[in-house]
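Chains as they are written, first to last, in my numbering: chain A, 1 to 248; chain B, 1 to 248. To keep things clear, I will list the structure first and then write my remarks on it.
Number of protein chains: 2
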Amino acid sequence: MTAAAQGPVTAAVLVIGDEILSGRTKDKNIGYIADYLTAIGIDLREVRVVPDVEEEIVAAVNALRARYDYLFTTGGIGPTHDDITADSVAKAFGVGIGEDPRAISMLLERIRPEDLNEARRRMARIPHGAELIANPVSKAPGFRIGNVIVMAGVPAIMQAMLDEVAPTLSTGRRMLSATIRADAKEGDIAAPLKAIADAHPDVSIGSYPFSEDGRFNTNIVVRSRDAERLEAVRAAVAEMVARLHAAP
Amino acid sequence: MTAAAQGPVTAAVLVIGDEILSGRTKDKNIGYIADYLTAIGIDLREVRVVPDVEEEIVAAVNALRARYDYLFTTGGIGPTHDDITADSVAKAFGVGIGEDPRAISMLLERIRPEDLNEARRRMARIPHGAELIANPVSKAPGFRIGNVIVMAGVPAIMQAMLDEVAPTLSTGRRMLSATIRADAKEGDIAAPLKAIADAHPDVSIGSYPFSEDGRFNTNIVVRSRDAERLEAVRAAVAEMVARLHAAP
């Protein structure tokens, strides 16, 4: 990682693909990227899913790249007619796009020259000014232009591309978290939990209900970039929960 | 379902919750709602995930409700301090919010009067003018205001609420689909597939790579609301694939 930035570093994810919106494919990338960015000190602030429609992709890319430090896109960079992400990103930036000789070289590491047909050459179409992101899985590269990182939709390839690009990103102080299992329903801890939250406005406290063996339960998650503040609030929550269970 | 609408009926989903963006919770609602809406004849056109921040929720609700026939939200309607969806939706609509006696009655079906504390009463805060959506799982209702349907984030509860509200929705002609397994790499079918797509601009053809036993393969998905058009294009794709494998 490059040196930690002063303030939080923010990001958005844009998932591109009709197949996610139709339900045919269940997205596995959002949760993976969320975990990954949290672990390296980048705050994921927004996710959008849009169809394979140029104007929708262009509008979402421009809205999100203006608002966050990084935008990660997944999907739409293969060789078929419905893969329009590279062209849409070029349009969003107002730059040209063409066959990139570096990308052709990468494709030729895996594809025999006689198999490098017109469709496969489409995977070497890269917006002008972009840097390539190596794809150790199937060679066809992703790319980065400005603060936008364009990756494949196939999870194994997306994950490899994220590993490639991560060392080049600015990161902030990592968000730390602690989870306290309440063994109580949300409605029974809400008031004392709100009192703790009000007393510690600098620390984020989330309450997440779940059911187990047919009974509702709650996980309380405390989050802070400051280890001492985290521990202070974690201890306050744990004490509150213990008090609750000790009550007659 | 009410009578089928003339044109397609469109929808967006707004997932509300810090826990999805941090990666702590993996969303299971987007894929479920996508499948569900496709099956009843509503086109899911966009998904957004935003944090538990009022101005973000208000902005997303207003952007999405203006653009699509329906907006489904998940998350943020529990009893704790971080559950701010109902207040945010009221703000988005510019209406008041208060304790709804119908919602209190629903809560009392499950909660003893002496346990109906201030926190649990928060779950009865409903924007003025909203209709309630029954919650057969844990009683605390969702609600519908205008074209916005506000549901819980816990999957079992969200699913029950979707079942409650679905019969009241307008639906369009169902999108039909057929999948052809190519047993070929995308790059080998892209050109003939594009020719079929160009010849049938009224039918959507998607190409989805996957890997199996370490080899890349492709599913081709044909989608149309017209069963005859679907079958014509499905047959054309299947014939193309057969021709490809028959080639020397």
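Yeah, the Cβ is synthetic: ideal placement off N, Cα and C, and Gly gets one too.
Quiz item: Can you give the Cα-Cα distance for Asn62(B) and Phe72(B), rounded to whole angstroms?
Solution: Distance from the CA atom of Asn62(B) to the CA atom of Phe72(B), rounded to whole angstroms, is 12 Å.
Practice problem: Measure from the C-beta of Asn217(A) to each C-beta in chain B and report whether the shortest distance is under 8 Å. | Solution: no
Self-check item: Helix, strand or coil at Leu71(A) according to DSSP, with G and I counted as helix
Solution: strand
Quiz prompt | Contact set between Arg173(A) and chain B, taken where Cβ atoms lie within less than 7 Å | solution = Correct list: empty, because the minimum Cβ distance to chain B is about 15 Å.
Quiz item: Smallest Cα separation from Leu169(B): which of Asn117(B), Arg223(B), Ile133(B) and Glu55(B)?
Solution: Ile133(B)
Quiz item: Hey, is the region 167-183 of chain A in contact with the region 85-99 of chain B, meaning 3+ C-beta pairs nearer than 8 Å?
Solution: With the cut-off at 8 Å, the region 167-183 of chain A and the region 85-99 of chain B do not touch.
Quiz item: Tell me the DSSP bridge mates of Ser211(A)?
Solution: Phe216(A)
Exercise. Could you check what DSSP says for Glu99(B) in three-state terms: helix, strand or coil?
Key: In this structure, Glu99(B) counts as strand in the three-state DSSP scheme.
Quiz item: How many angstroms separate the CA atom of Thr179(B) from the CA atom of Ala39(B)?
Solution: 16 Å
Quiz item: What residues are listed by DSSP as bridge partners for Thr179(B)?
Solution: Val221(B).
Quiz item: If you draw a straight line from the C-alpha of Asn135(A) to the C-alpha of Ala160(A), how long is it?
Solution: 7 Å
Quiz item: Considering only C-alpha positions, which residue in the set Arg120(B), Leu37(B), Ala246(B) and Asp183(B) is nearest to Ile220(B)?
Solution: Asp183(B)
Quiz item: Roughly how many whole angstroms lie between the Cα atoms of Glu239(B) and Ile33(A)?
Solution: 39 Å
Practice problem: Run down chain A in chain order and give the residues with a C-beta less than 7 Å from the C-beta of Pro320(B). | Solution: Residue 320(B) lies beyond the stretch modelled for chain B, which goes from 1 to 248, so this question has no answer here.
Exercise. Would you identify the three-state DSSP class for Glu114(B), choosing helix, strand or coil?
Key: Under the three-state reduction of DSSP output, Glu114(B) falls in the helix class.
Quiz item: Which residue or residues does DSSP assign as beta-bridge partners of Asp43(B)?
Solution: Thr10(B)
Quiz item: What does Val50(A) reach in chain B if we use C-beta pairs closer than 7 Å?
Solution: Within 7 Å Cβ-Cβ: Glu46.
Quiz item: At which residue ranges does the region 134-177 of chain B contain complete beta strand (DSSP E) runs of 3 or more residues, listed in the order of the chain?
Solution: 142-145 and 148-151
Quiz item: Buried or exposed: Ala128(A), going by 16 or more other Cβ atoms within 10 Å of its Cβ?
Solution: Reading the sequence as shown, one finds His at residue 128(A) and not Ala. So His128(A) ends up on the exposed side.
Quiz item: So which residues on chain A does Thr38(B) lean against when the C-beta distance must stay under 9 Å?
Solution: Leu21, Ser22, Gly23 and Arg24
Quiz item: If you check the beta carbons only, do Phe210(A) and Ser138(B) fall under 8 Å apart?
Solution: no
Quiz item: Would you say Arg45(A) and Ala86(A) are within 8 Å of each other, going by their C-beta atoms?
Solution: no
Quiz item: If you compare alpha carbons, which of Arg181(A), Gly142(A), Ser204(A) and Tyr70(A) is closest to Arg125(A)?
Solution: Gly142(A)
Quiz item: From Arg230(A) to Arg223(A), what distance separates their C-alpha atoms?
Solution: Going by the sequence as given, residue 230(A) is Leu instead of Arg. Cα to Cα, the separation comes out at about 6 Å.
Quiz prompt | Collapsed DSSP secondary structure at Ile16(A) in the structure displayed | solution = strand
Quiz item: Among Ser22(B), Val15(B), Ile16(B) and Gly17(B), which residue has its Cα nearest to the Cα of Ser177(A)?
Solution: For the options Ser22(B), Val15(B), Ile16(B) and Gly17(B), the alpha carbon positioned closest to that of Ser177(A) is the one of Ser22(B).
Quiz item: Does the ligand GTP have even one heavy atom less than 7 Å from the beta-carbon of Leu14(A)?
Solution: Absence of the ligand GTP is noted for the structure shown, with no ligands found whatsoever.
Quiz item: Using a Cβ-Cβ cut-off of 6 Å (strictly less than) and excluding sequence neighbours within five positions of Thr25(B), which residues of its own chain qualify?
Solution: Glu19
Quiz prompt | Contact residues within the region 111-129 of chain B, judged by C-beta distance below 9 Å to chain A | solution = Ile111, Asp115, Leu116, Asn117, Glu118, Ala119, Arg120, Arg122 and Met123
Quiz item: So, Arg48(B) versus Leu37(B), is the Cβ gap smaller than 8 Å?
Solution: no
Exercise. Give a yes or no on whether the C-beta atoms belonging to Gly75(B) and Ile16(B) are separated by under 8 Å.
Key: yes
Quiz item: Could one say the Cβ of Thr10(A) lies closer than 8 Å to chain B's Cβ atoms, at least one of them?
Solution: No, because no Cβ of chain B sits closer than 8 Å to the Cβ of Thr10(A).
Quiz item: Ordered along the chain, which non-local residues of its own chain (more than five positions away) have a Cβ less than 7 Å from that of Ala130(B)?
Solution: These residues qualify, in order along the chain: Phe143, Arg144 and Ile145.
Exercise. For Asp100(A), count neighbouring C-beta atoms within 10 Å of its own C-beta (all shown protein chains included) and say buried if the count is 16 or more, exposed if not.
Key: buried
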